[in-house]
Amino acid sequence: KTASFALPIIQHLMVDPYGIYALVLSPTRELAQQVNEQILALGAKLDVRSCLVTGGDDMVRQACELSRLPHIVVATPGRLAELLRGPNPPRLRHLRFVVLDEADRLLSPGGFERDIAQVLVTTKRKDCQTLLFSATMTRSLDEISNLASGGKGRLPLKRFNIVDESKPSTSGEQTHKNQDAPVVAIPSGLKQQYIFMPSQVRDSYL
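In the working numbering, the protein residues as written are 17 to 222.
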């Protein structure tokens with residue numbers, strides 16, 4: 017799941033690799049650490065710099081790391097919101113992507129609403145895209161997507177159900193599937209490989 021948003025972000029990052037380009041919000045410190053490690057592994061050949069901002073670590077050190085303008089920031093909502101409310105908030109004017117990983121947990125009632133609202137208000141701009149990723153489609157996510165897709169001048173949301181055919185579905189797994197969203201099946205015998213290259217020489221390589 018991390019690769020599904022990390023790889024496109026890294027691809028776009030190659031065009032203009034300056035400033036904090038993407039922000040990934042995770043509900044727990046442990047999950048944020050895992051996501052950060054995977055992003056660093058995927059972007060190792062391109063020297064992608066990622067910064068981990070979570071509770072329990074030195075806030076001054078994290079503020080210094082953010083001042084160095086890493087390409088990607090992986091954070092928990094509470095700690096990032098605390099830094100944004102501080103005297104020297106991180107500069108996010110070059111931000112192009114905001115990813116809510118495990119969105120069903122981030123947006124659950126009584127959770128991170130205040131902190132996420134602080135982050136989204138700070139990052140709100142026309143050229144910044146917000147992406148929601150979740151292993152389950154809950155009713156609250158359905159309601160949020162319906163609200164976000166309405167209104168004059170707003171582009172319709174695109175929703176997809178990703179199904180891995182190599183893994184049988186678990187009978188005890190509770191998922192709320194969106195019947196209107198197309199199902200994208202991953203063939204069991206598919207071998208996926210990735211090649212990173214500058215866009216201007218892509219045709220020559222292909």
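Quick reminder that beta carbons are idealized off the backbone N, C-alpha and C, glycines included. Treat the numbers as computed from the prediction; the structure is a model and nothing was measured.
In the DSSP assignment, Phe21 is bridged to no other residue. Taking each of Arg45, Asp117, Thr70 and Gln27 in turn and checking the Cα distance to His87, the smallest one comes out for Gln27.
The three-state reading of DSSP puts Ala38 in strand, counting E and B together. For the stretch 120-159, the continuous beta strand (DSSP E) assignments of 3+ residues that do not extend past its boundaries occur at 145-149, in sequence order. At the C-beta level, Val40 and Val76 stay beyond 8 Å of one another. Just measuring C-alpha positions, the residue of Gly72, Pro106, Thr44 and Lys207 sitting nearest Gly127 is Thr44. Under DSSP, Asp117 takes part in a beta bridge, and its partners are Phe149. Taking a C-beta distance under 8 Å as the contact criterion, Phe21 and Phe149 qualify as a contact pair. Separation of Gly94 and Glu81 (C-alpha to C-alpha, rounded to the nearest whole angstrom) is 17 Å. Going by C-alpha positions, Ala48 is about 30 Å away from Gly205.
A Cβ-Cβ separation of about 13 Å leaves Val69 out of contact with Ile55 under the 8 Å criterion. Assigned with DSSP and collapsed to three states, Val69 falls in strand.
Judged by DSSP secondary structure, Ala91 falls within the beta strand (DSSP E) whose first and last residues are Ile88 to Ala91. The C-alpha of Arg84 lies about 14 Å from the C-alpha of Ala38. Cβ neighbours of Leu99 within its own chain (closer than 8 Å, five residues either side excluded): Val69, Met75, Gln78, Ala79, Leu82, Pro105 and Pro106. In this chain, Gln209 is not harboured by any alpha helix (DSSP H), its DSSP state being neither H nor E.
Counting every other CB atom within 10 Å of its CB across the protein chains shown gives Arg130 a total below 16, marking it as exposed. Beyond the five residues adjoining it in sequence on each side, Gly71 comes within less than 8 Å, by CB distance, of Arg45, Thr92, Gly94 and Arg95 in the same chain, given in chain order.
Non-local C-beta neighbours of Leu29 in its own chain, meaning closer than 6 Å and more than five positions away in sequence, comprise Tyr37 and His87, ordered along the chain.
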